[in-house]
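The listed protein sequences correspond, in order, to chains Y and X. All you need for my numbering is the position in the first sequence, starting with 1, plus 9. All you need for my numbering is the position in the second sequence, starting with 1, plus 9. We put the CB at the ideal spot given by N, CA and C, even for glycine. What follows is a set of notes on a single structure, which appears directly below.
There are 2 protein chains.
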Amino acid sequence: MGLRERKKEKTRLALLDAAFDLFLEQGYDSTTVDQIAGAVDVSPRTFFRYFTSKDHLVLWYHDQGEETMLETLADRPPGEPPFVSMTHAVRAVLRDMEQSTSEDTERFLKLRRVLDANPQLVASTIARGMETERRLTEAIAGRSGLAPDAGPLPHLVVAFAMAPMRVDIGCAATRPDLQVMVRRIEETLQFVERSLRPGWDA
Amino acid sequence: MGLRERKKEKTRLALLDAAFDLFLEQGYDSTTVDQIAGAVDVSPRTFFRYFTSKDHLVLWYHDQGEETMLETLADRPPGEPPFVSMTHAVRAVLRDMEQSTSEDTERFLKLRRVLDANPQLVASTIARGMETERRLTEAIAGRSGLAPDAGPLPHLVVAFAMAPMRVDIGCAATRPDLQVMVRRIEETLQFVERSLRPGWDA
DNA sequence: TGTCATCTGGCAGGGTCTGACATAGATTAC
DNA sequence: GTAATCTATGTCAGACCCTGCCAGATGACA
Chain Y
10 MGLRERKKEK TRLALLDAAF DLFLEQGYDS TTVDQIAGAV DVSPRTFFRY
60 FTSKDHLVLW YHDQGEETML ETLADRPPGE PPFVSMTHAV RAVLRDMEQS
110 TSEDTERFLK LRRVLDANPQ LVASTIARGM ETERRLTEAI AGRSGLAPDA
160 GPLPHLVVAF AMAPMRVDIG CAATRPDLQV MVRRIEETLQ FVERSLRPGW
210 DA
Chain X
10 MGLRERKKEK TRLALLDAAF DLFLEQGYDS TTVDQIAGAV DVSPRTFFRY
60 FTSKDHLVLW YHDQGEETML ETLADRPPGE PPFVSMTHAV RAVLRDMEQS
110 TSEDTERFLK LRRVLDANPQ LVASTIARGM ETERRLTEAI AGRSGLAPDA
160 GPLPHLVVAF AMAPMRVDIG CAATRPDLQV MVRRIEETLQ FVERSLRPGW
210 DA
């Protein structure tokens, strides 16, 4: 990893940190892009080269998760049952969460506090989640050689595998601790796996 | 209804028509507020007195529905079981849809085509729907003398009663005909009613 | 008709986001 | 080590969304 990439990563994280801190201090709407860029000593124009919009800041982790899942799906063996592939995709995200640095964990929890304070951002997050489900459904359908709208099965596969994330991430009980959250999602995922008849996704 | 109110209503509908037509012609993003206002011969400043934002155009029917439901809830007798009140609220919206003029019906179906062409707007609609559920839940909880977060029951009452709308409005089969859609929602609502044990919402 | 409330237009301005171009810095090849 | 190349960044101009403010026009009402 060259110096250039390391600098970019550093700037991106600095922007996330500055933004979340400002959002918590003075609110999302009252914080301008100029302020965020100024706090990191970067031109506002550069901000938009890292994040496509102000909203994108709070959707960034979501983006990362989606990318991880799509990459994982692309690497799974062709003949694998679709639901099994999706469980691998979900677990890849869980592994990323487990292995995140303490700074990253803190950032993630800060984001959750920002979301708690700004319901409108929760709305964007949910909307983004729908888009993710759509893309995953396309990928799953493509792997099976099916048209994306040939039937509800691909979408159902995605919905079942993603349910643990939706349920446990939205759950207030796992709020302050990321490791607990990951463990709960894993447990719920195993519960879903046990609840389905073998071969149901054929 | 005085002349002033009639003129306002006319302007509002003209703005909706002009906007939807422009959205279908040249896309949502490529259409500016200036164009919409210009098409109705109204200043851009006035546009924002009718609609709080460009998005608001596509959320307007949703707003109407929410208002109808909240008003209906306020008028229901105090002791009524909460789920019964909610079914009345949903049916009030269905009656509005049934009794709408042919122009209004056409406008509604045009909106659906706009949504089909712009997934991002579907996202806003879904986000708006969450907000509506939250407000309805507050209203239901308030009627029962409960705190909004005393338990999942109020939210569940709302979710069950709204499910037919979410299911059948999202359903592609009822796309071109509003009366069919209303009938399907009514049937699904009756199915939900039959599926619940009497007194479940006590 | 005259007064009052409300609607409207115009203007100024803040905030988000994008395209174009030049420069400084990192990377690669020699 | 130097030169050529590629990439990130800053600056600038500008479109668009949205809002506050004030003055003028229009409907409501006595």
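- Same chain, Cβ closer than 8 Å to Ser-109/X, neighbours up to 5 away in sequence not counted: Position 100 of the second sequence, counted from the first residue, corresponds to residue 109/X. Result list for Ser-109/X: Phe-117, Leu-187, in chain order.
- Message: Let's test the definition: count the other Cβ atoms within 10 Å of the Cβ of Asp-43/X and tell me whether it reaches 16, buried, or not, exposed.
- Response: As a working mapping, residue 43/X is identified with position 34 in the second sequence. When all chains shown are included, Asp-43/X counts as exposed.
- Task: Taking Trp-209/Y as part of the alpha helix (DSSP H), name the residues at either end of that continuous run.
- Result: Along the first sequence, one-based indexing puts residue 209/Y at 200. Looking at the DSSP string, Trp-209/Y is not in any alpha helix (DSSP H), and its letter there is neither H nor E.
- Item | Supposed close pair Thr-77/Y, His-97/Y - CB separation, criterion 8 Å | In the first sequence, the residue the question calls residue 77/Y occupies position 68. In the first sequence, the residue the question calls residue 97/Y occupies position 88. Not a contact, Cβ separation roughly 11 Å.
- Item | Residues near Thr-197/X in its chain [Cβ-Cβ closer than 7 Å; skip 5 each side] | For the purposes of this step, residue 197/X is taken as residue 188 along the second sequence, with counting starting at 1. Once the five neighbours on either side are set aside, the close Cβ partners of Thr-197/X are Pro-173, Val-176, Asp-177.
- Item | CB of Pro-163/Y within 8 Å of CB of Pro-91/Y, strictly | Translated into positions along the first sequence, residue 163/Y becomes position 154. Translated into positions along the first sequence, residue 91/Y becomes position 82. Yes.
- Item | Phe-169/Y versus Gly-11/Y: straight-line alpha-carbon distance, rounded | Numbered from 1 along the first sequence, position 160 holds the residue referred to as residue 169/Y. Numbered from 1 along the first sequence, position 2 holds the residue referred to as residue 11/Y. Each residue's alpha carbon lies about 40 Å from the other.
- In whole angstroms, what separates the C-alpha of Arg-137/Y from that of Arg-143/Y? Residue numbering aside, residue 137/Y sits at position 128 when the first sequence is read from its first letter. Residue numbering aside, residue 143/Y sits at position 134 when the first sequence is read from its first letter. When rounded, the distance between both Cα atoms is 10 Å.
- Item | Distance between beta carbons of Val-167/X and Ile-149/X, contact taken as under 8 Å | For the purposes of this step, residue 149/X is identified with residue 140 of the second sequence, where counting begins at 1. For the purposes of this step, residue 167/X is identified with residue 158 of the second sequence, where counting begins at 1. Confirmed, Cβ separation roughly 6 Å.
- Task: Please classify Arg-77/X: does DSSP put it in a helix, a strand, or coil?
- Result: One-based indexing of the second sequence puts residue 77/X at position 68. The question names Arg, yet the displayed sequence has Thr at residue 77/X. In this structure, Thr-77/X counts as helix in the three-state DSSP scheme.
- Query: Quick one, which of Tyr-70/X, Pro-53/X, Tyr-59/X has its alpha-carbon nearest Glu-18/X's?
  - Reply: Looking up residue 18/X in the second sequence gives position 9. Closest option to Glu-18/X, Cα to Cα, is Tyr-59/X.
- Message: Can you confirm whether Ala-136/Y, when its beta carbon is compared against all beta carbons of chain X, has any partner nearer than 8 Å?
- Response: Start at 1 with the first residue of the first sequence, and residue 136/Y comes out as number 127. Yes, its Cβ sits closer than 8 Å to a Cβ of chain X.
- Through-space distance from Leu-31/X to Leu-24/Y, alpha-carbon basis: Counting from one through the first sequence, the residue named residue 24/Y turns up at place 15. Counting from one through the second sequence, the residue named residue 31/X turns up at place 22. Computed Cα separation, rounded: 38 Å.
- Item | Spatial neighbours of Met-95/Y in its chain, beta-carbon cut-off 7 Å, leaving aside the 5 residues before and after | One-based indexing of the first sequence puts residue 95/Y at position 86. Hits under 7 Å: Ile-149, Val-166, Val-167, Ala-170.
- Query: the stretch 27-57 of chain X: which residues have C-beta closer than 7 Å to a C-beta of chain Y, in chain order?
  - Reply: none
- Task: Could you tell me whether the Cβ of Ser-109/Y comes closer than 8 Å to any Cβ of chain X?
- Result: Within the first sequence, numbered from 1, the residue matching residue 109/Y stands at position 100. So, not an interface residue.
- Please classify Phe-29/Y: is it buried, with 16 or more other beta-carbons within 10 angstroms of its beta-carbon, or exposed? For the purposes of this step, residue 29/Y is taken as residue 20 along the first sequence, with counting starting at 1. By the neighbour-count rule (16 or more Cβ atoms within 10 Å), Phe-29/Y is buried.
- Query: Which term fits Asp-50/Y, buried or exposed, when burial requires 16 or more other beta carbons within 10 angstroms of its beta carbon?
  - Reply: One-based indexing of the first sequence puts residue 50/Y at position 41. Looking at its Cβ environment, which holds fewer than 16 other Cβ atoms inside 10 Å, Asp-50/Y is exposed.
- Query: Applying a beta-carbon distance threshold of less than 7 Å, which residues of chain Y neighbour Ser-62/X?
  - Reply: Against the second sequence, residue 62/X aligns to sequence position 53. Residues of chain Y passing the Cβ test: none, with the nearest at roughly 12 Å.
- Message: At the level of alpha carbons, what is the spacing between Thr-20/Y and Tyr-70/Y?
- Response: Looking up residue 20/Y in the first sequence gives position 11. Looking up residue 70/Y in the first sequence gives position 61. Using only the alpha carbons, I get a separation of about 16 Å.
- How is the alpha helix (DSSP H) around Glu-34/X delimited, first residue to last? Taking the second sequence and counting its residues from 1, the one referred to as residue 34/X is at position 25. It spans 12-35 - the alpha helix (DSSP H) in which Glu-34/X sits, taken as one unbroken run.
- Just how far apart, CA to CA, sit Ala-156/X and Ala-126/Y? In the second sequence, residue 156/X corresponds to position 147, counting from 1. In the first sequence, residue 126/Y corresponds to position 117, counting from 1. The alpha-carbon atoms of Ala-156/X and Ala-126/Y are separated by roughly 20 Å.
- Item | 6 Å CB neighbourhood of Thr-114/Y in its chain, flanking five on each side removed | For the purposes of this step, residue 114/Y is taken as residue 105 along the first sequence, with counting starting at 1. The residues are Leu-187.
- Query: If you draw a straight line from the alpha carbon of Ser-204/Y to that of Lys-63/Y, how long is it in whole angstroms?
  - Reply: Taking the first sequence and counting its residues from 1, the one referred to as residue 204/Y is at position 195. Taking the first sequence and counting its residues from 1, the one referred to as residue 63/Y is at position 54. Rounded to whole angstroms, Ser-204/Y to Lys-63/Y spans 41 Å at the Cα level.
- Task: Measure the alpha-carbon distance for Thr-146/Y versus Thr-55/X and round it to whole angstroms.
- Result: On the first sequence, position 137 is the one that residue 146/Y refers to. On the second sequence, position 46 is the one that residue 55/X refers to. Thr-146/Y and Thr-55/X: Cα-Cα distance of roughly 43 Å.
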